[in-house]
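Chains as they are written, first to last, in the working numbering: chain D, 5 to 348; chain C, 5 to 348.
We put the CB at the ideal spot given by N, CA and C, even for glycine.
If you're wondering where the values come from, they're calculated on a predicted model, not measured in any experiment.
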DNA sequence: GTTAATGTGGGAAGCGATTTCCCATCGGCA
DNA sequence: TGCCGATGGGAAATCGCTTCCCACATTAAC
């Protein structure tokens, strides 16, 4: 009573039935087994009376599977990840399961560690959010970890990274960036500066590629001197932009591969006395909800982040056990707002 | 091999020792027991060779305690919570533990559900973030849940809510809001409009009270017609502000009890053609990192959100088992920025 | 009126660790 | 040489729950 736990055995005893029966009742009749109504009632009521709460560890051990679902992000404070995380969390909780949050800090080794922990807990599934480095070196350990995870019956889904043979919710970065580029060209821009991401991240590269291909299609040669590599963070965007401006550029429009970097860029430009969009247009990607109130409002490519999280979770929690890894394509909608305008 | 798990038994067998010995080695010698160096080596190496990974459920069952630490927030997409969450997560992971994320959606019943799940998993501790309703009705079940949780040996810490008898990291909302009010008065403001939070949330009320008390101290009577109640969300702030302006106000400064609502307020004012700060000053509270790049930059009270998360986690993970619930006071620093200026 | 089919409850064997005893062995010391 | 206290290792009991399998009963089928 004071420090004790109520066990199934105690419930069974109180109800005057065997452990097996009590278990059956509380599990809503395992498979086709039936329990008479009267016993069922006795068990449930004494369980309630005793305040019985099953020991999840014991259940996991016996069932060899837990009610845990992993959610792996790089940085939960980053609004991109927190938006997706919100979707994942909602869905997982709706299914009566529990979210285990792991943050990688963008380190592949940490990611492997997290996956191992999930494996150790016999997690039911895991949703990997954000793009990973694609160079085989650092992916190797991760891939093996994932392989082990699914060998245990765990399901895996990715958001924004069709790297692994797993269900994936993938925004069409290439098309979105290309469409954005076309809109900017249409506005009259001819020379662009680019705030790229780390080159080994698929997401970053896809957005760059999409942007480039649209430029090429329009007969424009991107000026590679105006490409700065950032790290997807606000401060990275800020620093890269300062560097870019110090070096000097003739670009009339700056495309940052995500909104967070674009935010840093605008901050840097303001400090340097460069007015946006009058002197330099700025465009981003993602349409981060928290950043929608920036001034000037960001021209960007909208991604339904929260919904993507929900879809990934659904994918991984779906009863159906399909062979083919599913790929859900997400369309990004170009939003022309205040931060871009036709060049002077 | 193909679908199997490696158990401690297999490791022991491979090393030619008993289960007990293998367990002792892998746990770094339980209590004062020593294992000879040679055996120790044999065990660790065959564990590594076999790719042994302990079954966390089995460990939890045997030890009656898991490596899980709960993190409960209202809405992980809200930058306030994601900032604190980042701090908590960092610290928990540094300790080699695993974070279980629960989102309440601001519903007390969901919160109880989460706590029960944590109890069921024998979580080591839980960090509750964000203020809860203080009316006893909805707190009752939660309090009981918490009581049960700690009876099981679980530790509890709260961030920003010294409601329960638990370790708490609490910003000094009253003092911060008062200091902010004094600064605004010093700027020359005499009539204020207030975007309050839900009245039953301690955080919201403390900030209101602090603000009011500073006004009174300055001989100013707050005009209660200009108090709008919001819900801590951006859209709530937006809607309340529209309502406020429709009703008309003579205030020269609008104080929103958090940055998120202030953001909504600024958006509404812009739509209404009211210039900030020229026509109306706006101040917030929290200094949300993601919102620092707003234009105009927000006058606010800075709270070290991430650090608060870290502290709460430290509190709950500290080895020392102190009797008195600890209370860590966090000072909020007033930051006068662009969104407020002396009235015309 | 047997035999077979079905429906229900209980017994007991795991699940994979931890941990408590208990025993064997090895020195040390008288 | 003999006894005793350490010391290191193993057998086995748990932890709380699920589930296979058997027993008994009731009813259906012939």
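{"Check": "List the residues of chain C whose Cβ lies closer than 9 Å to the Cβ of residue 310(D), in chain order.", "Outcome": "81"}
{"Check": "Suppose you measure from the CA of residue 184(C) to the CA of residue 301(C); what does that come to, to the nearest Å?", "Outcome": "15 Å"}
{"Check": "Report the residue from 71(C), 83(C), 348(C), 102(C) whose alpha carbon sits nearest the alpha carbon of residue 263(C).", "Outcome": "83(C)"}
{"Check": "Quick one: list the residues of chain C neighbouring residue 58(D), beta-carbon separation under 8 Å, in chain order.", "Outcome": "124"}
{"Check": "For residue 97(C), would you say it is in contact with chain D, using Cβ-to-Cβ distances shorter than 8 Å as the test?", "Outcome": "yes"}
{"Check": "In the DSSP assignment, what are the bridge partners of residue 258(D)?", "Outcome": "197(D), 286(D)"}
{"Check": "On the DSSP bridge assignment, give the partners of residue 175(C) in chain order.", "Outcome": "334(C)"}
{"Check": "Which residues in the same chain have their Cβ closer than 8 Å to the Cβ of residue 237(D), if we skip the five residues on either side of it in sequence?", "Outcome": "82, 264, 265, 268"}
{"Check": "Could you give the DSSP three-state label for residue 137(D): helix, strand or coil?", "Outcome": "strand"}
{"Check": "Verify the CB distance criterion: does residue 239(D) have a CB-CB separation below 8 Å to chain C?", "Outcome": "no"}
{"Check": "Please confirm if residue 320(C) has its CB atom under 8 Å from at least one CB of chain D.", "Outcome": "no"}
{"Check": "Please name the residue, chosen from 40(D), 201(D), 197(D), 148(D), that lies closest to residue 21(D) on a Cα-to-Cα basis.", "Outcome": "40(D)"}
{"Check": "Between 233(D), 179(D), 252(D), which has its C-alpha nearest residue 217(D)'s C-alpha?", "Outcome": "179(D)"}
{"Check": "Does DSSP put residue 222(D) in a helix, a strand or coil?", "Outcome": "coil"}
{"Check": "Would the beta-carbon of residue 122(D) fall within 8 Å of that of residue 104(D)?", "Outcome": "yes"}
{"Check": "Taking CB distances under 8 Å as the criterion, tell me whether residue 104(D) reaches chain C.", "Outcome": "yes"}
{"Check": "To which residues of the same chain is residue 255(C) closer than 6 Å at the C-beta, ignoring the five residues directly before and after it?", "Outcome": "195, 196, 197, 230"}
{"Check": "Going by CA-CA distance only, name the one from 333(D), 344(D), 291(D), 323(D) that's closest to residue 87(D).", "Outcome": "291(D)"}
{"Check": "Could you give the first and the last residue of the continuous beta strand (DSSP E) run that contains residue 391(C)?", "Outcome": "Since the first and last residues shown for chain C are 5 and 348, residue 391(C) lies out of range."}
{"Check": "Mapping DSSP to helix, strand and coil, what is residue 125(D)?", "Outcome": "coil"}
{"Check": "If we count Cβ pairs, one from each stretch, closer than 8 Å, do we get three or more for the region 53-72 of chain D versus the region 125-133 of chain D?", "Outcome": "yes"}
{"Check": "When the Cα of residue 270(D) is compared with those of 261(D), 286(D), 282(D), which residue comes out closest?", "Outcome": "286(D)"}
{"Check": "Going by alpha carbons, who is nearest to residue 199(C) out of 16(C), 47(C), 241(C), 284(C)?", "Outcome": "241(C)"}
{"Check": "Below 8 Å, how does it come out for the region 158-167 of chain C and the region 309-321 of chain C: are there three or more Cβ pairs, yes or no?", "Outcome": "yes"}
{"Check": "Apart from the five residues just before and just after residue 203(C), which ones in its own chain have a Cβ nearer than 7 Å to its Cβ?", "Outcome": "209, 233"}
{"Check": "At the level of alpha carbons, what is the spacing between residue 337(C) and residue 15(D)?", "Outcome": "54 Å"}
{"Check": "Work out the CA separation of residue 63(D) and residue 62(C) for me, nearest whole Å.", "Outcome": "10 Å"}
{"Check": "Excluding the 5 residues preceding and the 5 following residue 55(D) in the sequence, name in chain order all residues of the same chain whose CB lies nearer than 7 Å to its CB.", "Outcome": "10"}
{"Check": "From the DSSP output, in three-state form, read off residue 339(D) for me.", "Outcome": "strand"}
{"Check": "What are the residues in the region 254-271 of chain D lying within 9 Å of chain C by C-beta distance?", "Outcome": "264, 267, 268, 270, 271"}
{"Check": "State the start and end residues of the unbroken beta strand (DSSP E) segment that holds residue 96(D).", "Outcome": "Careful: residue 96(D) lies outside any beta strand (DSSP E), inside the alpha helix (DSSP H) at 83-98."}
{"Check": "With a threshold of 6 Å on Cβ separation, who are the neighbours of residue 342(C) within its own chain once the five nearest residues in sequence on each side are excluded?", "Outcome": "300, 301"}
{"Check": "Establish whether the CB of residue 120(C) and some CB of chain D are separated by less than 8 Å.", "Outcome": "yes"}
{"Check": "In the DSSP output, which residue or residues are listed as bridge partners for residue 155(C)?", "Outcome": "In DSSP, residue 155(C) forms no bridge with anything."}
{"Check": "Quick check on residue 75(C) - is its C-beta less than 8 Å from some C-beta in chain D?", "Outcome": "yes"}
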